[in-house]
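Just so you know, the sequence shown maps onto residues 34 to 621 in the numbering used here.
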Amino acid sequence: FPPFPAACLPAQPAPAPPPPPRAAETTRIITDPISGRSYCKGRLLGKGGFARCYEMTDLSSNKTYAVKVIPHSRVAKPHQREKITNEIELHRDLHHKHIVKFSHYFEDMESIYIFLEHCSRKSLAHIWKARHTLLEPEVRYYLKQIISGLKYLHLKGILHRDLKLGNFFINENMELKVGDFGLAACQDISDQKKKVSLRTICGTPNYLAPEVLLRQGHGPESDVWSLGCVMYTLLCGSPPFETSDLKETYRCIKQVEYTLPAFLSLPAKHLIAGILRRNPQDRLTLEEILDHEFFKGYTPEKLPPSSLVCSLLALFLAKKGSLEDKDDISKLVTGLMKTSICRQMSYKTVEGNEATHVSCRSASSSPVETVMEETSHKSVSPSIRGTMASSCEAFEDCITTSAIIESAVRLLQTCLSSMPPAEKNPASLARHEQFVWVSKWVDYSNKYGFGYQLSNRSIGVLFNNGTHMTLSPNHRTVHYNPTNSKHLVFSVAAIPEQLQGQMSVLRYFASYMEQHLMKGGDLPSIDDLGQPALLLLQWVKTDKALLMLFSSGTLQVNFYNDHTKVIISKPDHSCLVTYINRDRNSYT
């Protein structure tokens, strides 16, 4: 808005002089009044109810710590101070590879300072926010370390009571450390008052066990329940009992009512079901969890730091040792994100007779990396769910996205390993009549999704919610896929009202690509209403190339630098490699 004329403004008093400058809060020097050591306070790492955690550096040794800073004003009451004292006494005696190391503590006139091992890779909560879901081998990698630390605590008679993603810290070497013992308690307590405290409700709502909500007390089994919730969250993208209403969440916990995505392996489903049982005595023990079939699957010895923000599918879709993180194949598929259409099985456990009620739901997936000008990774919790018409009982017979990815990776391996040396390129094969490729694309995933045009002139959009829509080459027919196993066909003139919004986006993408992007070697094509449209299952952009994987098993890689393309396809069960040069001439 234009400024008001000076005459319209009331007279203002003279401004007060600025306060004297002071050192920035993040660079303040903290000195131990007893030892005389000084520490430079750095960035804020996290905050809780009583404390804030800062990165601090010892000015004499240059060693970095994570320091819990508790102002005296926040623990003025005796019982509050007692909690801090108990936390210090409990944590200082813990020494284990997968427990955050306690270093020392002191206090000055302002605060109490607890110096802990600094974990530079942050926490599982940060990984979850960047990735939304992890692969089963990655989950095994982290769970084994959590269980190792948890077994140590339980052997010492200590209950953590607040196991959650934010309390599992990752150090520079990608090792997990269990931390934050603010709610921890000793199980073997002679003090009657402390016994009563074990019956209080404490912890994070989504991870609370039924017996805790019912004030029946915490036990090792309560930590095991939280571990099951952690496993579910990492695999599925959200806590098992999360709802928009806390009362409803508590009801679901007490009734042990949750949903299991269909893309989980059977061992993963069985393990989760074995942990999330209402009766604590019926839950699997930590030893039984480690002996479960789920942990017989491949577990990497170490994860690369790149897995903090992107998936390493190639590392896990081949046998252990057959792919290195630095291999060319791995580089191509590293970062391939799960943007595809998956099915969920709604599953209600009824204690006693183990009866289950099954229904089907589609789940939105986390959107992948955003449009070109966006550089940050964002994730969205599943929010769009609907009933599917297909049968859940047959879901294990469906060709899963993972199987298609695995097939594409193996094809690429075969091509690279069996490619014969030649002084000149061999004669090109005749192009297969069903062969199509992406000739144009537009990334608008920061708002809608990823759009593309195939060489047969059909237009497709993979939306951020995991649904897929395709417009036929003659622009008369729309193919809609709410999941990868559900195919609906409409004429453009009879699009259902609830799909009009997505249809508008598809038309916008089509118009944009037609007006602003180069023509890409279009091919003649006819509509086949009986044939499901080609689905874009997954895509990922790296700094060098765009990768796209389709439901047919076709893998296309577009290189930015020279605008060339490599396409691996399997028409009639044969394996073909097609190269498209910068002049858009193709060789197969």
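Just so you know, even glycine gets a beta-carbon here, dropped at the ideal spot from N, CA and C.
Assign residue i to buried or exposed, taking buried as 16 or more other Cβ atoms, counted over all protein chains shown, within 10 Å of its Cβ.
i: E244; result: buried
i: L570; result: buried
i: K335; result: exposed
i: D476; result: buried
i: N614; result: exposed
i: E171; result: buried
i: H151; result: buried
i: R376; result: Only weak support is given to the placement of R376: the predicted model assigns it a pLDDT of 31, under 50, and the question is left unresolved by the model.
i: G534; result: exposed
i: A109; result: exposed
i: G626; result: Outside the modelled stretch of the chain, which goes from 34 to 621, sits residue 626, for which no answer is possible.
i: E254; result: buried
i: N95; result: exposed
i: R248; result: exposed
i: I180; result: buried
i: H7; result: Because the chain is modelled from 34 through 621, residue 7 falls outside the range shown and cannot be assessed.
i: T118; result: exposed
i: E281; result: exposed
i: A527; result: exposed
i: P454; result: exposed
i: N239; result: buried
i: L279; result: exposed
i: S106; result: exposed
i: P272; result: buried
i: S505; result: buried
Just tell me which of the options has its CA closest to the CA of residue i.
i: Q589; options: L504, K519, W474, W258; result: W474
i: I103; options: T611, M536, Y331, F139; result: F139
i: I600; options: K110, Q113, T611; result: T611
i: L77; options: S68, G69, R70, Y87; result: Y87
i: F214; options: G199, N206, N204; result: G199
i: R490; options: W470, N498, K480, T292; result: W470
i: T332; options: L216, Y175, C152, R284; result: Y175
i: G190; options: Y593, I286, K280, H251; result: H251
i: S68; options: S93, M89, F83; result: S93
i: N497; options: T90, I180, L539; result: L539
i: F592; options: V573, M536, L304; result: V573
i: H137; options: S537, F83, T97, W161; result: T97
i: P185; options: C219, K197, K155; result: The sequence given here places Tyr at residue 185; Pro does not occur at that position. Nearest option by C-alpha distance: C219.
i: P338; options: K210, I160, L487, A295; result: I160
i: Y291; options: A306, L487, G493, G75; result: A306
i: H129; options: T237, G212, K116; result: G212
i: N618; options: T500, K603, H596, S602; result: H596
i: L299; options: E169, P273, F201; result: E169
i: S537; options: N594, T516, M502; result: M502
i: D91; options: G79, K80, K74; result: K74
i: G79; options: H112, H549, A158, P66; result: A158
i: L487; options: M546, L532, E530; result: M546
i: F274; options: D65, F327, L309; result: L309
i: G270; options: L609, F296, T510; result: F296
i: N312; options: R61, A242, F135, Y485; result: A242
i: D65; options: K302, S602, S472, F148; result: F148
i: Y72; options: A84, M89, V263; result: M89
i: F542; options: G482, I63, M581; result: G482
i: F468; options: L293, V511, Y620; result: Y620
i: L323; options: L304, T500, S340, Q314; result: L304
Contact check, residue i vs residue j under 8 Å by CB: the rounded distance?
i: H7; j: N514; result: Residue 7 cannot be examined here, being either before or after the span of the chain that is shown, 34 to 621.
i: S584; j: L568; result: 4 Å
i: Q178; j: E208; result: 7 Å
i: A217; j: H193; result: 5 Å
i: K197; j: S277; result: Not really, about 19 Å apart at Cβ, beyond 8 Å.
i: I203; j: K155; result: 6 Å
i: L669; j: L183; result: This structure cannot settle anything about residue 669, because the visible part of the chain is limited to 34 through 621.
i: F327; j: A301; result: 6 Å
i: V263; j: R316; result: Their Cβ separation, rounded to whole angstroms, is 14 Å, which puts V263 and R316 out of contact at 8 Å.
Is residue i close to chain B? Criterion is C-beta to C-beta, closer than 7 Å.
i: Y283; result: In the structure shown, chain B cannot be found, because there is only a single protein chain.
Any 3 or more C-beta pairs closer than 8 Å across the region 123-141 and the region 161-171 = Flag = no, the region 123-141 and the region 161-171 do not touch.
Determine, using beta-carbon pairs with one atom in the region 521-533 and one in the region 577-587, whether at least three such pairs fall under 8 Å.
-> In short, these stretches do not touch, since the Cβ pair count stays below three.
Do the region 137-152 and the region 92-107 make contact, defined as three or more Cβ pairs closer than 8 Å?
-> As far as the Cβ criterion goes, the region 137-152 touches the region 92-107, which means the pair count is three or higher.
Enumerated in chain order, which unbroken segments of the beta strand (DSSP E) with a length of 3 residues or greater are wholly contained in the region 156-232?
-> Here the runs fully enclosed are 201-203, 209-211.
Quick one: which unbroken alpha helix (DSSP H) runs of 4-plus residues sit fully inside the region 251-282? Chain order, please.
-> Complete alpha helix (DSSP H) runs here, min 4: 253-269.
What are the start and end residues of each continuous alpha helix (DSSP H) run of 4 or more residues lying completely inside the region 88-153, in chain order?
-> Within the region 88-153, the complete alpha helix (DSSP H) runs of at least 4 residues are 111-124.
Segments of 4+ residues assigned as alpha helix (DSSP H) that fall wholly inside the region 468-493 = Annotation: the region 468-493 contains no complete segment of the alpha helix (DSSP H) (minimum length 4 residues).
Start-end ranges of the alpha helix (DSSP H) lying completely within the region 514-549, minimum 4 residues | Entirely contained in the region 514-549, the alpha helix (DSSP H) runs reaching 4 residues are, in chain order, 533-549.
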